[in-house]
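Numbered per our numbering, the sequence shown finishes at 1101, counting up by one with no gaps.
Quick reminder that beta carbons are idealized off the backbone N, C-alpha and C, glycines included.
Please read these numbers as outputs of a predicted model, since none were measured by experiment.
Presented below is the structure to which this report refers.
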Amino acid sequence: MTAFAERLLAGLVAVLFGFMRLLGSRAAPALGGWVARALGPYVGRSHRIMMQNLALAFPEKDEAWRRDVARQAWDNLGRTACEYVHLAEIFEGAWPPSPGARVTLSEEGLALFHRLAAENKPVLVFAAHLANWEMPAVAAHAVGQNAAILYRTPNNPRIAEMIRKMREPIMGRLIPAKMTAPIQLAEAYEEGLNLGMLVDQRFGRGPQVPFFGHDVAANPLLPRLAARYGAPMYGMRAIRLPEGRFRLELEGPFELPRDARGKVDVPATTALMNRVIERWVRENPGQWLWMHRRWR
């Protein structure tokens, strides 16, 4: 892409962000969901991948059920995109918990956050592309859990900078998903920061683990860090509720599989993470990002 094209695209994205801000934190996601539901099924390649993934994951379900889940998934994607500029507002009142807050933490999650704050030791947290998948990072930062978050940067540097400025004040340290990311994550952990990342997309160099009855190449980075540091591992997810609300759940620490020497078994722990994520997706299938080529 030429420099002019990059500037033009960045300008269009800036205008779109401004329009979403004008619409507000309720109308913008509602519009995004409506547009995505209407147009998503006509986005040929992405919709085909979604339907193929749903058939692989739920062979026992009929076509009508899969089409309905696909519509929900398009709606969720549209809402998530339009919630981006409103994350701070949506999270208002969640911490400390106040009546009428649009984001609530489960009782178990609140108890765990209090315990982690008391222990004051860094932990590893995995998440998945469920509901609004930015919420776990926002929540961790809001409750004072200083964290480093692995994230994928847009190719356009101007757009990447816009997004960084929006995310960093409400999420903490951001580590781009580049070749140096494992080193930066290790350094952050040694500084005492919690580490968080989304782990549910294909990772070509990772071990093959079961996911909905089929082997997938999975991301072993957090299990490797757990093996290196003996760090506890937690899982955190957002669940989309009616009327623009969310519930956040934190669970763990998980009992990690060990090898014959008593060390954390990285492939088995990677499989454990994917079993947890499969459970989450089965509970709310219309809130997962089915457009990604998870199975190949």
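Specify whether the region 977-991 and the region 1006-1019 touch according to this definition: at least 3 beta carbon pairs, one from each stretch, less than 8 Å apart. The region 977-991, when compared against the region 1006-1019, does not touch it at the 8 Å Cβ threshold.
### Query
Relative to the C-alpha of P1037, which residue among W879, T909, E939, T1074 is closest?
From the listed residues W879, T909, E939, T1074, the smallest Cα separation to P1037 is found for T1074.
request  = State the beta-bridge partners of Y956 as determined by DSSP.
outcome  = Y956 pairs with P981.
Bridge partners - P1015, DSSP secondary structure assignment: Among the bridge pairs identified by DSSP, P1015 is matched with D1020.
- Item | beta strand (DSSP E) segment containing G1001, residue limits | Element bounds for G1001: 999-1003.
Review point. Helix, strand or coil: how does DSSP classify M976 here?
Key: Of the three classes helix, strand and coil, the one that applies to M976 here is helix, per DSSP.
Quick one: what's T909 bridged to in DSSP? Bridge partners of T909: R1052.
* For L1077 and K1068, the rounded distance between their alpha carbons -> Whole-angstrom Cα-Cα distance: 15 Å.
- Between R1052 and Y1034, what straight-line distance do the alpha-carbon atoms span, to the nearest angstrom? Roughly 31 Å separates the two Cα atoms.
| said: What residue range does the alpha helix (DSSP H) around E814 cover? | reply: Before going further, note that residue 814 is Leu rather than Glu in the sequence given. DSSP places L814 inside the alpha helix (DSSP H), whose first and last residues are 808-844.
Exercise. Going by the CB atoms, is the gap between R1042 and E1054 shorter than 8 Å?
Worked result: At the C-beta level, E1054 and R1042 come within 8 Å of one another.
Between the Cα of A1111 and those of R1050, D1064, G977, A906, spot the shortest distance and give me the residue it belongs to.
No answer is possible for residue 1111: it lies beyond the span of the chain, which begins at 806 and ends at 1101.
**OP:** Identify which residue in G1018, R872, L935, D873 has its Cα closest to the Cα of L1046.
**Re:** Here the closest residue by C-alpha is L935.
* To do: Could you tell me the boundaries of the beta strand (DSSP E) in which Y1039 lies?
  => Secondary structure note for Y1039: its beta strand (DSSP E) is the uninterrupted segment 1038-1046.
Q: Please report the Cβ distance between G977 and A947, rounded to the nearest whole angstrom; I am assuming they are in contact, meaning their Cβ atoms lie under 8 Å.
A: Actually they do not touch by this definition, with Cβ atoms about 10 Å apart.
Q1013: buried (16+ other C-beta within 10 angstroms of its C-beta) or exposed? Under this definition Q1013 is an exposed residue.
#### Entry: Identity of the residues DSSP links to R1063 by a beta bridge
Answer by DSSP bridge pairing, in chain order: V1069.
Is E888 buried or exposed, if buried means 16 or more other CB atoms sit within 10 Å of its CB? Under this definition E888 is a buried residue.
* Asked: DSSP puts V930 in a beta bridge; with which residues?
  -> According to DSSP, which records beta bridges pairwise, V930 is partnered with G1001, Y1039.
**OP:** Can you tell me which of M940, W870, A869 puts its alpha carbon nearest to the alpha carbon of W900?
**Re:** The residue with the shortest Cα to Cα distance from W900 is M940.
Discussion item. According to DSSP, simplified to helix, strand and coil, what is W1093?
Written reply: Secondary structure at W1093: strand, using DSSP grouped into helix, strand and coil.
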